[in-house]
Amino acid sequence: MTTLTHEHEAHPGRQGPAPPPRGWRRLLYPGLLRAAWMAPLFFGIGCGIVVLCRWWGGWQPIWFGEIIVLVGALIAGPIGFLAGIGAFDYWVRYAIGSPTKPEDHSGHGAYSWRDYFRVNTDHKVIGIQYLTTTIFFFLAGGLLAMLVRAELAKPGMQFFDNQTYNGLFSVHASLMIFLFVIPAFAGLANFVVPLMLGAPDMAFPRLNALSYWLLPIAGIMMLSSFLVPGGAFAAGWTGYAPLSIHQPLGTIFFNMGVQWAGASSIMTALNFLVTIITMRAPGMTFWRMPLLVWANFTTSLLVVIATPFIAGSQFFVMFDRVMHTHFFDVAGGGYPLGYQHIFWFYSHPAVYIMMLPGFGIASEVISAMSRKPIFGYRLMALSLMAILVLGFSVWAHHMFVSGMAPWLRVPMMITTLMIAVPTGIKVFSWLATIWEGKLNFATPMLWAVGFVSMFVIGGLSGIYLGAVPIDIHVSDTYFVVAHIHYVLFGGSLFTIFAGIYYWFPKMTGRQYNEKLGKLHFWLTFVGFNLTFFPMHLIGTQGMPRRVSDYAPQFANWNLFISIASFALGASTIVFLYNMVTSMRRGAPAEANPWRSLTLEWQVSSPPPIFNFDEIPQVVGNPYEYGVPGARHAVLNGDRAATETEVRSR
Amino acid sequence: MRRGSIVQLIVIGVLAGAVASAVALIPNWLPSSASREAGRIDFVFWFVTGICIFVFSIVAAVSVYSVWKFRVKPDDDSDGPPIHGHTGLEIAWTAVPALLVTAIAIVSAIVLAKDDAAGANPLRVNVYAQQFFWSFSYPGYGDKKSDVLRLPVNRSVVLEGHSKDVIHSFWVPEFRQKQDLVPGLTPTLHITPNKVGTYPLICTELCGLGHALMRSRVVVMEPAAFDKWASRKGA
Ligand code: HEM
Ligand SMILES: [Cu+2]
Ligand SMILES: [Cu+2]
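If you read the sequences in order, they're chains A and B.
Take 1 as the starting number for the first sequence in this note's numbering and just add one per residue.
Take 1 as the starting number for the second sequence in this note's numbering and just add one per residue.
Okay, here's the thing in structure tokens:
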């Protein structure tokens, strides 16, 4: 195995891209340079279409800024960028009948840092592209949160006016959700899932590349809304109509940003589904898949079914604004609550899109670092499926006070509370996995166990919110802010960090600094609880959410929370420092530092360009720690499958 | 499991329960209660809190004990016992939470039904929300208008919500009742104030620029004083 790996590395030029041509032809070569002129060109074409249509229709004014921005900057320009960078080259050539090479691997692998800035079809490169991009937007969203906390440190207005403040928390939440949590999980899974399945890549590598390149577009769109007249979108990440229909121009940056990010999610999810269904190594039955794969399977189903609903909701809001339709506008016969139903029909499942992959990561880390099989493997997989199904029947628990049909409240309360059951199964099974294990508290394990404990608190506050009478009191208060942060920060973010530290050696071929990793964990853990736990209290006491100013009785707690949040924000510096220095100077990583059984650890760190030199043969379950002689898979060079292993298939 | 470890587990669980109870009891979690609905809602709140402290103690006991007892040195290469599951346990931790949430659902549904029922001869009040202030009118008193919500104590009140522009939300923490006011709809909310006093009225649905300042007051008065006020002409 190792010899073959080195053979690939000995001929770096062999698979890599052809060197770019010199001179002016370079402008035609796919990449950032070509994107730099194609994006403005397409922008111009978009403007031309708008002006022509308006001139032909006789609509005044012919040059109408809002539509120009929408069509030129938010639709045509990005398409030009994608075309320029080369995301469509293969398909265009195919469509116009030019010769194509289906087995073309010139876009595969990374041989220098430049290869991360082009359309790369290697799932490992794309995984890292995803992760660095999402960490960038995590930092941007985190800085916005710092500004929010600075404003809230004292009652009264400090630094911002109301519209700016509303923009700050709206963009904060949107970036964290659409550009950090959801795609960071997709990035980790992109790197890990094909390896875990014993596959050479994802099923559709070119689609995979395209789904990555949609992300920076969505993120830059949301961030740049701060620059347009009227400021950033300011109706919250929930963008409730009719408020969002009559907001300044920035709102359409949100409407369209969600479309780009959503398209990216859907494409990736389709890719995962096809990959997981069709590209499992021989012997990898569904009941032998690692739970991370199960988690991404269910998440992808959620994404594919639910995401079109948020796409629809944002389109309708935008149509009400630019085309004068009346989906949600009462004056024209619209129905404002319709927005909330459609929005939450996506956004409740979306909270599981933001949590199930984390469940998968926690299962991997906890099993390998407790040196014990996952407790109740099948029930763990089945409870994911139960959450998937139940998750579609609870959306209106976000609407208990909305004025919707009152009879809907009790059924939605029952389904909501029922979700606590499969979720509880997962928590108890992790605890039972740890029980009597040989716990190695390296950094990933700290994050994973920290996740379980914080997620329990978030789950319990969820029970309060699920009980309608309590929710009527605490809905739209800081209690909800505390809840979402216990589940999204203590849940999603902790597992993302667990995953990043756990697979860091595999991704980079180097070991991170363990001391700094632990320091990062403890600073975050303490800072997180000091920041967000008191929010429960001020919420039940009467502080509403999404306010730039509040009653003086909450001043002390808010000052305390703001100070804690700055410490929490500062902990990120430790993480960044660790990542950057370890990537450059960390000790070389072994192939399998955690002595894990799953397939990604059975190849070198980083893995060879096509992952496996020979397709592995899966012979057993992925978590057979402590079972003498048990193997998950047979790779080339290992002893062949035994009689019993073959029979147990 | 040895006798000693069971004792240790229980001790940790009791300690965790004590800490959680202290967190639940020492700060003032809920504002003072000024309506009949609030009393019932607080009951649900403490009922759920009791269950949560119970669950939290078990989880905390198991995790703290495990982290304390089962950690090994980084150079320890041994594996744990290959336990794959335990059907009895798995059934237990499916069934017990299911029972607990069923109990919560039943209690909540009963309280909700009671809170939703208006008492005899309720006072009707129209609540008007608009960016960014509140106003009220009393159809039973010649459509009398007011900028603060005045209510008589111990009489059932039916609030009918109206919004003139975007969605707002009517919330009086001391009443524990909240209702979004949606343009085009007229949702109702039932409150039976039972304590004389002045309480904040807060908009809790983001409604634009002035959302944070969209506040008013509720004044709960003796019935006689209320009648006198309401029968007076003008605001
Ligand atoms: C240093 C870390 C963070 C701090 C200090 C912070 C602070 C805040 C604050 C103060 C709000 C409330 C704004 C308001 O309603 O007036 C908020 C909202 C929110 N945050 Fe964070 N946050 C942090 C990290 C995160 C992360 C990691 C996520 C996602 C994974 C996240 C997701 C959200 C969401 C979804 C909302 C709701 C926004 C809304 O209601 O419109 N936050 N955050
Ligand atoms: Cu939900
Ligand atoms: Cu309002």
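For each residue, glycine too, the CB sits at the ideal point set by N, CA and C.
Since the model is a prediction, treat every value here as computed from it, not as a measurement.
Counting along the chain, A/F309 sits inside the alpha helix (DSSP H) bounded by residues 291-322. With a threshold of 7 Å, the Cβ atom of A/H397 counts as near ligand 2, since some heavy atom of the ligand is closer than that. If you check the C-beta of B/F170 against ligand 3, you find no heavy atom less than 7 Å away.
Here B/I106 is exposed: its Cβ has fewer than 16 other Cβ atoms, across all protein chains shown, within 10 Å. Between ligand 2 and A/V351, a heavy atom-to-CB distance of less than 7 Å is present.
Contact between A/G450 and A/F521 holds, with the beta-carbon distance rounding to 7 Å and staying under 8 Å.
B/V7 has its alpha-carbon roughly 16 Å from the corresponding atom of B/A18. Beta-bridge pairing by DSSP links A/A263 to no other residue. Rounded to the nearest whole angstrom, the C-alpha separation of A/P19 and A/P622 is 42 Å. For B/W229, same chain residues with a beta-carbon under 8 Å away, outside a window of 5 residues either side, are R150, M221 in chain order.
With fewer than 16 neighbouring CB atoms inside 10 Å of its own CB, A/W56 falls in the exposed class.
From the beta-carbon of B/P122, no residue of chain A is found nearer than 9 Å; the closest lies around 17 Å away. Assignment of B/C203 by DSSP, reduced to helix, strand and coil, places it in the strand class. Collapsing the DSSP output to three states places B/N154 in coil. Annotation: A/Y512 is outside any beta strand (DSSP E) and is labelled neither H nor E by DSSP.
Within its own chain, the residues whose Cβ lies closer than 7 Å to the Cβ of B/G119, once the five positions on either side in sequence are excluded, are S156, T192, listed in chain order. The three-state secondary structure of A/T416, taken from DSSP, is helix.
Distances from the CA of A/L379 to each of A/M399, A/P349, A/V421 were compared; the closest alpha carbon is that of A/V421.
A distance below 8 Å separates the beta carbons of A/F226 and A/A232. Within its own chain, the residues whose Cβ lies closer than 6 Å to the Cβ of A/D201, once the five positions on either side in sequence are excluded, are H123, P194, listed in chain order.
As DSSP reads the structure, A/V618 sits in a beta bridge with A/A633. Against chain B, a Cβ distance below 7 Å from A/E364 picks out nothing, because the smallest value is about 16 Å. Contact between A/L215 and A/P183 holds: CB atoms are separated by about 6 Å, below the 8 Å threshold.
Fewer than three pairs of CB atoms, one per stretch, sit closer than 8 Å, so the region 459-469 of chain A makes no contact with the region 428-435 of chain A.
Per DSSP, reduced to three states, the secondary structure at A/A331 is helical. Along the region 185-214 of chain B, the positions whose C-beta sits under 8 Å from a C-beta of chain A are L185, P187, P200, I202, C203, T204, E205, L206, C207, G208, L209, G210, H211, A212, L213, read in chain order.
Following the DSSP letters along the chain, one finds B/L123 in no alpha helix (DSSP H) but inside the beta strand (DSSP E) bounded by residues 123-130.
Per DSSP, the beta bridge partners of B/G197 are B/V220. Sorting A/G338, A/H324, A/Y339 by C-alpha distance to the C-alpha of A/G332 places A/H324 at the top. DSSP places B/L181 in the uninterrupted beta strand (DSSP E) bounded by 177-181. Pairwise C-beta distances place the region 240-251 of chain A in contact with the region 306-325 of chain A, as three or more of them are shorter than 8 Å.
In this structure the region 82-98 of chain B lies against the region 371-387 of chain A, because at least three pairs of beta carbons, one per stretch, are closer than 8 Å. For the pair A/A235 and A/V468, the Cα-to-Cα distance works out to about 25 Å.
Across the region 524-542 of chain A, CB contacts with chain B closer than 7 Å involve L537, T540, Q541, G542, in sequence order along the chain.
Counting along the chain, B/S169 sits inside no alpha helix (DSSP H); it lies in the beta strand (DSSP E) bounded by residues 168-172. Per DSSP, B/T192 lies in no alpha helix (DSSP H) and is assigned neither H nor E.
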